[in-house]
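Enquirer: For the sequence shown, the positions run 309 to 949 when the working numbering is used.
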Amino acid sequence: MPHHLAWAIFLLPLGSFVIISFIIRPFFTRWPQWAGYTTIASIGIGLIFSVWTLIDVFNNGPLYVPPVDWVVIEGAVTIHLGLLVDQLTAVMLVVVTLVSLMVQVYSQGYMHGDGGYCRYFAFMSLFTASMLGLVLADNLLFLYVFWEGVGLCSYLLIGFWFHKPEAAQAAKKAFIVTRLGDFGFLAAILLIFFQTRNLTGAGTFDILFLHEHATELAKIGFLGASVATWAALGVFSGAVGKSAQFPLHTWLPDAMEGPTPVSALIHAATMVAAGVFLVARLFPLFEASEQAMLAVATIGAFTAIFAASMGLVMNDIKRVLAYSTISQLGYMMLGLGVFGYAAAMFHLFNHAFFKALLFLGAGSANHATGTFDMRQMGGLRKAMPWTFATYLIASISIAGIWPFAGFWSKDEILAHALEHQPALFVLALITVFMTAFYMFRTVFMTFGGEYRGGAGGEHSKPHLHESPAVMVVPMVVLAVLSVGSGWFNFVEGGFPHFLEGAHGEPASFFFTVLAHPWPWVSLLMGIAGILLAYAMYSAKWVTPERMGQLFAPFYKLFSRKYWFDELYEQVFVVRFLVNGLFWINQLFDTYIVDGLVNGVAEGTLVAGRGLRRLQTGQLQLYGFAIAVGVLFIAGAFYLFA
């Protein structure tokens with residue numbers, strides 16, 4: 309494969325952003341649809357090149373792309389700009405471009421008639437380009453540039469409808485919360501750069517160098533632990549922010565204020581996937597630190613069950629899916645933390661398809677009903693059969709029901725957790741039940757029963773209709789992938805055998821899942837969750853109101869989201885930011901501003917008092933002062949002239 313095609317995968321959507329922003333939007337206002345066509349064409353060609361790359365890497369191994377000098381400081385450091393195209397990169401390129409392409413096609417119908425149509429596709433092009441740049445980067449500094457680019461694009465797209473106060477607030481919240489994690493990531497990059505000087509004589513940001521020398525960094529002590537431990541924890545803090553893991557999870561549910569296709573792309577293949585990808589990309593660094601691996605596994609498992617508990621009670625379908633994403637990302641982090649590198653990435657691969665489909669299905673339901681509140685939906689299976697069928701397929705897959713895609717990757721993560729961290733395995737197994745319950749709760753509330761009116765008006769029952777083909781076709785494609793992506797292991801070599809080349813994980817993956825009894829236990833847990841959702845929301849054997857009364861304390865705890873928003877508001881925003889900044893400003897105002905003004909006045913008075921003592925009226929003193937001055941000037945002239 310020609311090297312320039314690897315560059316083209318990233319540069320095509322970046323070029324689309326430039327064309328839309330500086331040509332189509334200002335000069336072709338009568339044809340805004342060209343913005344959508346440009347985005348779709350650039351990402352579609354990128355998908356073709358990505359598949360070509362995947363086949364080439366599968367057959368011939370990692371692709372070497374010669375780097376170019378990016379930053380050169382003579383005698384100090386040279387930073388190269390290059391691409392790292394290994395097995396992990398090849399898989400992620402296909403995931404990002406394929407999901408993004410489906411979302412862009414869907415967006416043509418969903419965003420039709422919106423006043424910001426061109427701006428939307430410009431931002432989506434930049435978003436895709438940033439994620440592709442992040443995936444392709446061969447050094448940490450290059451990766452960090454696109455890491456921040458992904459964060460910027462999420463801010464722009466979450467706040468796309470900036471005239472809505474909720475959207476503007478959600479965008480700022482996402483940007484600020486993820487920055488907290490990014491501080492740790494940046495600190496880790498700097499630590500790695502300065503500590504690698506002990507190994508090479510010059511610092512480096514090169515990712516392959518870290519892969520090869522991670523064990524050596526684990527032997528270098530730093531602040532009571534190893535360099536590898538501190539660097540891995542710093543990297544993980546960045547991943548916690550981007551992938552909305554506890555305790556930096558609060559931004560993602562509010563990010564639902566953006567357009568639904570944006571949510572699909574953020575949750576499936578860009579923003580939140582970036583955190584998991586980062587840990588996977590630097591996996592040898594984590595493997596070199598037992599403490600870092602334990603932190604990743606523990607936070608991942610806790611986040612999975614923690615987020616799932618809140619998804620049980622939400623009535624906004626997009627918020628249920630948001631908590632579902634946080635929970636599934638927790639699964640992936642758990643998989644990475646228990647040495648299930650291939651399993652975690654396989655789950656990311658499968659999750660991208662069924663999660664994108666779930667959000668597009670929610671957007672399709674909103675397109676018909678005018679609301680995301682499931683209490684106002686119901687009965688859509690008759691009016692929207694394609695949306696219902698595809699959403700049902702995605703729900704079965706995420707619930708981990710055999711033989712759909714989610715079953716294979718989820719259960720391999722469970723197998724690794726049972727082997728390495730049995731206590732965390734129990735948390736993950738309980739989460740299986742909760743996931744199946746809240747997903748089929750959305751199915752029965754949205755598509756079951758009778759229609760409850762939606763937003764009224766043009767969304768009343770007589771006007772209900774299926775979404776246009778431009779929205780349905782991407783959903784059908786993703787539905788096929790939600791069923792079939794799990795079966796890639798039947799391909800010769802299989803998914804884990806392919807990824808084995810990235811970090812050398814033993815590839816004992818596929819049929820061991822079926823041979824182990826625990827996957828069947830998790831399957832039964834998933835079925836039990838579906839049956840409980842059916843009993844409560846379809847058959848009504850037990851009403852949700854009655855269950856809410858029986859478990860009132862838990863219902864309040866979950867529905868109030870454990871009061872984390874209030875906690876952060878009072879502790880960090882009010883006490884730390886508002887009160888803390890007020891205290892600092894008060895000190896600055898008192899001692900710097902007022903101190904400077906008052907100091908000048910006081911200094912003038914003191915100088916005046918001193919000069920007043922010299923004005924005695926005695927001529928002999930004036931003459932003496934003149935003589936001393938003349939001698940001083942003469943001496944200075946003699947010495948320096």
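All residues carry an ideal CB built from backbone N, CA and C; glycine is no exception.
(1) What does DSSP give as the partner residues of I900 in its beta bridges?
(2) For T346 and I332, I'd like the C-alpha separation in whole angstroms.
(3) Which residue or residues does DSSP assign as beta-bridge partners of A447?
(4) Whole angstroms are fine: how far does the CA of G756 sit from the CA of Y845?
(5) Enumerate in chain order the residues of its own chain whose CB-to-CB distance from G352 is below 7 Å, with the five nearest sequence positions on each side excluded.
(6) Could you please give me the residues that DSSP links to S534 through a beta bridge?
(7) Is it buried or exposed, L939, if we count other Cβ atoms within 10 angstroms and call 16 or more buried?
(8) Does the Cβ-Cβ distance between A612 and T739 come in under 9 Å?
(9) Spatial neighbours of W716 within its chain, please: C-beta separation below 6 Å, excluding the five flanking residues on both sides.
(10) If you reduce the DSSP assignment to three classes, tell me which class Y372 lands in.
(11) How is L498 classed by DSSP in three states: helix, strand or coil?
(12) May I ask you to report which of helix, strand or coil DSSP gives I709?
(13) I'd like the list of long-range same chain contacts for A841, defined as Cβ closer than 7 Å, with 5 residues on each side in sequence excluded.
(14) Can you give me the C-alpha to C-alpha distance between P567 and F530, rounded to a whole angstrom?
(15) Rounded C-beta distance between P374 and H311? I'm assuming under 8 Å.
(16) Which term fits P782, buried or exposed, when burial requires 16 or more other beta carbons within 10 angstroms of its beta carbon?
(17) From L322 to V587, what does the alpha carbon distance come to, in whole angstroms?
(18) Less than 9 Å separating the beta-carbons of V548 and L560?
(19) Using a 10 Å radius around the Cβ and a threshold of 16 neighbouring Cβ atoms, would you call T677 buried or exposed?
(20) Could you say which of A707, E565, K550, Q395 lies nearest to A650 if we only look at CA atoms?
(21) Considering only the alpha carbon of each residue, which of I328, Q926, G354 lies closest to W342?
(22) Do you know whose CA, among A577, S672, G583, A552, lies nearest A540's CA?
(23) Let me know if I387 comes out buried or exposed under the rule of 16 or more other beta-carbons within 10 Å of its beta-carbon.
(24) For the putative contact between F662 and A600, defined by C-beta atoms under 8 Å, what is the C-beta separation to the nearest angstrom?
(25) Between the stretch 513-530 and the stretch 590-599, can you find at least three pairs of beta-carbon atoms closer than 8 Å?
(26) Considering only the beta carbon of each residue, do T698 and V628 sit closer than 9 Å?
(27) Measure the CB-CB distance between I625 and F680 and report whether it falls below 9 Å.
(28) Where does G931 land, buried or exposed, given buried means 16+ other C-beta within 10 angstroms?
(29) At which residues does the alpha helix (DSSP H) containing W315 begin and terminate?
(30) In three-state DSSP terms, what is D624?
(31) Quick check: A615 and S632, are their CB atoms within less than 9 Å of each other?
(32) Have a look at S438 and E853 and give me their C-alpha separation to the nearest angstrom.
(33) Less than 8 Å between the CB atoms is what I'm expecting for L376 and V393, so what's the real figure, rounded?
(34) Leaving aside the five residues before and after M562 along the sequence, list all residues of the same chain whose C-beta is less than 6 Å from its C-beta, in chain order.
(35) Evaluate N367 with the Cβ neighbour count: other Cβ atoms within 10 Å of its Cβ, from every protein chain shown; 16 or more gives buried, anything less gives exposed.
(36) Look at the Cβ atom of V604, then the Cβ atom of L642, and state whether they are nearer than 9 Å.
Expert: Let me lay it out:
(1) Indexing the sequence shown from 1 puts residue 900 at position 592. Partner(s): none; I900 has no beta bridge.
(2) Taking the first residue of the sequence shown as 1, we reach residue 346 at position 38. Taking the first residue of the sequence shown as 1, we reach residue 332 at position 24. Cα atoms of T346 and I332: separation of roughly 9 Å, rounded to the nearest angstrom.
(3) Taking the sequence shown and counting its residues from 1, the one referred to as residue 447 is at position 139. Strictly speaking, residue 447 in this sequence is Asn, with Ala absent from that position. Answer is D514, bridged to N447.
(4) In the sequence shown, the residue the question calls residue 845 occupies position 537. In the sequence shown, the residue the question calls residue 756 occupies position 448. Rounded to whole angstroms, Y845 to G756 spans 8 Å at the Cα level.
(5) Translated into the one-based positions of the sequence shown, residue 352 becomes position 44. Contacts found: L409.
(6) In the sequence shown, the residue the question calls residue 534 occupies position 226. As DSSP reads the structure, S534 sits in a beta bridge with G529.
(7) Position 631 of the sequence shown, counted from the start, is the residue given in the question as residue 939. Result: exposed.
(8) Stepping through the sequence shown from its first residue, residue 612 is reached at position 304. Stepping through the sequence shown from its first residue, residue 739 is reached at position 431. Yes, these two residues count as a Cβ contact at 9 Å.
(9) Taking the first residue of the sequence shown as 1, we reach residue 716 at position 408. Excluding sequence neighbours, W716 sits near G794.
(10) For the purposes of this step, residue 372 is taken as the residue at position 64 of the sequence shown. Reduced to three states, the DSSP call for Y372 is strand.
(11) Translated into positions along the sequence shown, residue 498 becomes position 190. L498: helix per DSSP, three-state reduction.
(12) As a first step, residue 709 must be located in the sequence shown, where it is residue number 401. Coil.
(13) Position 533 of the sequence shown, counted from the first residue, corresponds to residue 841. Here A841 has F745, F748, R749, F752 as same chain residues with Cβ atoms under 7 Å from its own Cβ, once five neighbours each way along the sequence are excluded.
(14) Locating residue 567 in the sequence shown gives position 259, counting from the first residue. Locating residue 530 in the sequence shown gives position 222, counting from the first residue. Cα to Cα, P567 sits roughly 45 Å from F530.
(15) As a position in the sequence shown, residue 374 is number 66, starting the count at 1. As a position in the sequence shown, residue 311 is number 3, starting the count at 1. Right, the Cβ-Cβ distance comes to about 7 Å (below 8 Å), so this counts as a contact.
(16) What you label residue 782 is simply residue 474 of the sequence shown in a count that begins at 1. P782 is classed as buried because its beta carbon has at least 16 other beta carbons within 10 Å across all chains shown.
(17) Walking along the sequence shown from the start, residue 322 turns up at place 14. Walking along the sequence shown from the start, residue 587 turns up at place 279. In a straight line, the C-alpha of L322 is about 25 Å away from that of V587.
(18) On the sequence shown, position 240 is the one that residue 548 refers to. On the sequence shown, position 252 is the one that residue 560 refers to. It is not a contact, given that the beta carbons lie outside the stated cut-off.
(19) The residue given as residue 677 occupies position 369 in the sequence shown. Classification for T677: buried.
(20) Numbered from 1 along the sequence shown, position 342 holds the residue referred to as residue 650. When each option's Cα is compared against that of A650, the closest is Q395.
(21) Numbered from its first residue, the sequence shown carries residue 342 at position 34. Of the listed residues, the one whose Cα sits closest to W342 is I328.
(22) By 1-based counting over the sequence shown, the position of residue 540 is 232. It is G583.
(23) For the purposes of this step, residue 387 is taken as the residue at position 79 of the sequence shown. I387 should be labelled buried.
(24) For this step, residue 662 is matched to residue 354 along the sequence shown. For this step, residue 600 is matched to residue 292 along the sequence shown. With 8 Å as the limit, F662 and A600 do not qualify as a contact, their Cβ atoms being about 30 Å apart.
(25) yes
(26) As a working note, residue 698 is residue 390 in the sequence shown. As a working note, residue 628 is residue 320 in the sequence shown. Going by C-beta atoms, T698 is not nearer than 9 Å to V628.
(27) Translated into positions along the sequence shown, residue 625 becomes position 317. Translated into positions along the sequence shown, residue 680 becomes position 372. Against a cut-off of 9 Å, the Cβ pair of F680 and I625 comes out as a contact.
(28) Working through the sequence shown from its first residue, we reach residue 931 at position 623. With fewer than 16 other Cβ atoms within 10 Å, it is exposed.
(29) Reading the sequence shown from its first residue, position 7 is the one you call residue 315. Element bounds for W315: 311-327.
(30) For this step, residue 624 is matched to residue 316 along the sequence shown. D624: strand per DSSP, three-state reduction.
(31) One-based indexing of the sequence shown puts residue 615 at position 307. One-based indexing of the sequence shown puts residue 632 at position 324. The answer is yes: Cβ separation under 9 Å.
(32) Along the sequence shown, one-based indexing puts residue 438 at 130. Along the sequence shown, one-based indexing puts residue 853 at 545. Near 45 Å, if we compare the C-alpha coordinates of E853 and S438.
(33) Residue numbering aside, residue 376 sits at position 68 when the sequence shown is read from its first letter. Residue numbering aside, residue 393 sits at position 85 when the sequence shown is read from its first letter. It should be noted that the sequence gives Val, not Leu, for residue 376. So it is not a contact: roughly 15 Å between Cβ atoms.
(34) Along the sequence shown, one-based indexing puts residue 562 at 254. With the sequence shown as reference, residue 562 is identified as Asp, and Met is not the correct amino acid for it. If we look at D562 and ignore the five residues flanking it on each side, its Cβ neighbours are A478, K481.
(35) Position 59 of the sequence shown holds residue 367. Flag for N367 reads exposed.
(36) In the sequence shown, residue 604 corresponds to position 296, counting from 1. In the sequence shown, residue 642 corresponds to position 334, counting from 1. In this structure, L642 lies closer than 9 Å to V604 by Cβ.
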